[in-house]
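First the structure, in the form of structure tokens, and then the observations on it.
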Amino acid sequence: MLVFEFKAYGKSSQFTAVDEAIRTAQFVRNSCLRYWIDNKKVNKYDLNKYCAVLAASFPFADELNSQARQASAERAWSAISRFYDNCKKGTPGKKGYPKFQKDCRSVEYKSTGWKLADDRKSINFSDKKGIGKLKLKGTRDLHFYQINQIKRVRLVKRADGVYVQFCIDVDRKENTEPSGNTIGLDVGLKEYYTDSNGVTVENPRFLRKGEKVLKRCQRRVSRKTKGSKNRGKARQILGKQHFKISRQRKDHAIKLARCVVQSSDLIAYEDLRIKNMVQNHCLAKSINDASWYQFRIWLEYLGKVFERVTVAVNPQYTSQECSNCGEVVKKTLSTRTHVCKCGCTLERDFNAAKNILSRGLGTVGHTGTFALDASNALGESISTLAGEILSQQIDS
116 MLVFEFKAYG KSSQFTAVDE AIRTAQFVRN SCLRYWIDNK KVNKYDLNKY CAVLAASFPF
176 ADELNSQARQ ASAERAWSAI SRFYDNCKKG TPGKKGYPKF QKDCRSVEYK STGWKLADDR
236 KSINFSDKKG IGKLKLKGTR DLHFYQINQI KRVRLVKRAD GVYVQFCIDV DRKENTEPSG
296 NTIGLDVGLK EYYTDSNGVT VENPRFLRKG EKVLKRCQRR VSRKTKGSKN RGKARQILGK
356 QHFKISRQRK DHAIKLARCV VQSSDLIAYE DLRIKNMVQN HCLAKSINDA SWYQFRIWLE
416 YLGKVFERVT VAVNPQYTSQ ECSNCGEVVK KTLSTRTHVC KCGCTLERDF NAAKNILSRG
476 LGTVGHTGTF ALDASNALGE SISTLAGEIL SQQIDS
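Just so we're aligned: 415 in the working numbering is position 300 of the sequence shown, and the numbers increase by one with no gaps anywhere.
Structure follows, in structure tokens:
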């Protein structure tokens with residue numbers, strides 16, 4: 116499934132209608148969740164039927180396209196099914212009991228309620244909300260895909276405007292020749308990552324660089340009267356600055372992951388639990404600014420696209436063990452050089468990256484130079500999922 120995004124342009128009255136459609140989608144989703152709480156043994160199909168009851172009871176709900184109402188009910192059911200799955204798996208901690216949504220920013224249409232223009236440069240929404248025709252501007256070309264391949268259309272509201280997303284049913288595969296290289300990655304705060312070849316990539320620190328502007332925008336918001344139009348404008352400017360930083364992080368993660376995947380046949384990295392790591396209030400800000408989890412997500416996705424092997428290994432003692440002899444050399448976080456009795460002296464992250472690669476190769480077997488068929492097989496069977504435990508995936 117590919118998701119193409121375009122910036123939408125229209126009149127202010129049209130964007131007001133988009134806001135109304137999003138609020139209606141939130142109402143349907145929360146109403147379905149309340150229906151599930153109040154009634155026992157409610158399944159996905161019962162929630163879809165309940166959408167018709169809501170449309171008959173509330174005129175503003177009837178104005179939204181029927182399949183858009185069903186998509187909102189499916190959102191409620193996805194939260195419910197996630198809660199059920201966590202309970203069945205015995206996930207430690209909170210199980211994620213479904214909550215009512217307070218700030219919905221998107222509405223989703225299925226196969227009806229919209230029509231794409233022949234030139235693929237505009238889209239017309241035909242439900243009773245009155246959104247009408249919106250012009251599209253983006254870098255993707257929709258002429259390569261048939262209309263029946265577009266399974267969902269989303270209207271997403273962001274800090275800098277409204278966007279239209281097209282969910283296209285197509286498998287993305289790119290054939291590349293095996294490179295014969297294997298690599299281990301150790302992420303950090305000083306350098307973004309250090310690989311098993313000793314190559315380091317600088318940490319861009321987008322939040323730290325933009326913090327001065329963010330603080331100035333935040334002060335402007337604080338000075339304005341609550342509920343005033345000036346405060347709303349100041350909040351919009353602040354939101355744009357945060358959105359800019361998030362885009363910078365995403366762009367950096369995608370480009371870096373693509374370079375790593377294209378240059379290596381096997382990529383080993385640490386199976387870090389970022390949620391637990393950010394509980395350290397001294398490092399939480401820097402860890403979130405580094406966006407390690409987003410980098411991992413794109414590594415795994417592009418690994419499937421380019422048919423590469425991605426392995427998440429246990430991070431325990433990767434910095435303490437000697438990559439030469441295996442001896443455990445205890446060191447604090449401030450100690451940046453690994454010195455072992457065997458005479459091995461390496462930079463701390465370089466030593467950890469070599470240990471990560473060794474564990475990755477121990478998981479899938481020593482690979483050497485991959486043949487294309489073997490690479491395909493490994494890419495389908497060994498690629499790990501973000502947030503999953505490695506040992507459970509290998510056993511399964």
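Every residue, glycine too, gets a C-beta built ideally from N, C-alpha and C.
| Item | Value |
| --- | --- |
| Name the residue from Y432, S379, T433 whose alpha carbon lies nearest to the alpha carbon of F421. | S379 |
| Use the C-beta contact count for C147: other C-beta atoms within 10 angstroms, 16 or more gives buried, fewer gives exposed. | buried |
| Going by DSSP in three states, G325 sits in which element: helix, strand or coil? | helix |
| Comparing alpha-carbon positions, which option in L387, V426, R423 lies nearest Y408? | L387 |
| Are the segment 366-386 and the segment 270-284 in contact at 8 angstroms, needing three or more beta carbon pairs? | no |
| Whose CA, out of L304, D134, D233, lies closest to the CA of R323? | L304 |
| Using CA atoms only, rank isn't needed, just tell me which of I412, Y416, V314 is closest to K469. | V314 |
| Got a sec, what are the start and stop residues for the alpha helix (DSSP H) I471 sits in? | 463-479 |
| Does the distance from the C-beta atom of G228 to that of A188 stay below 8 angstroms? | no |
| Ignoring anything shorter than 3 residues or poking outside the segment 362-444, list the beta strand (DSSP E) runs there in chain order. | 381-385, 424-428 |
| Under the assumption that E178 contacts K244 (Cβ atoms under 8 angstroms), give the Cβ distance between them as a whole number of angstroms. | 5 angstroms |
| State the DSSP-derived secondary structure class of F215, mapped to helix, strand or coil. | coil |
| In this structure, does DSSP put V133 in helix, strand or coil? | helix |
| In chain order, what are the residue ranges of uninterrupted beta strand (DSSP E) at least 3 long that sit wholly in the segment 213-272? | 221-224, 229-231, 237-240, 247-252 |
| Cβ atoms of M392 and C282: under 8 angstroms apart, would you say? | no |
| Report, in whole angstroms, the separation of the C-beta atoms of V279 and F130, which I expect to be a contact under 8 angstroms. | Going by Cβ atoms, the distance from V279 to F130 rounds to 12 angstroms, so no, they are not a contact pair. |
| Tell me whether E306 counts as near the ligand FAD, meaning its Cβ is closer than 7 angstroms to at least one heavy atom of that ligand. | You won't find the ligand FAD in this model; it holds no ligand whatsoever. |
| Take the Cβ of G299 as the centre, count every other Cβ of all protein chains shown within 10 Å, and call the residue buried at 16 or more, exposed below. | buried |
| Can you tell me whether A170 is helix, strand or coil according to DSSP? | helix |
| Touch check for the segment 351-368 and the segment 408-419: three-plus C-beta pairs under 8 angstroms? | yes |
| What would DSSP say about T450, mapped onto helix, strand or coil? | coil |
| With distance defined between alpha-carbon atoms, name the residue in E326, K164, V454, V302 nearest to K359. | E326 |
| Relative to the alpha-carbon of L249, which residue among L270, H258, Q264 has its alpha-carbon at the smallest distance? | L270 |
| Helix, strand or coil for K355, going by three-state DSSP, please let me know. | helix |
| Hey, would you say R144 sits closer than 8 angstroms to R190, going by beta carbons? | yes |
| With distances taken Cα to Cα, identify the nearest neighbour of R287 among T460, P430, S127, Y416. | Y416 |
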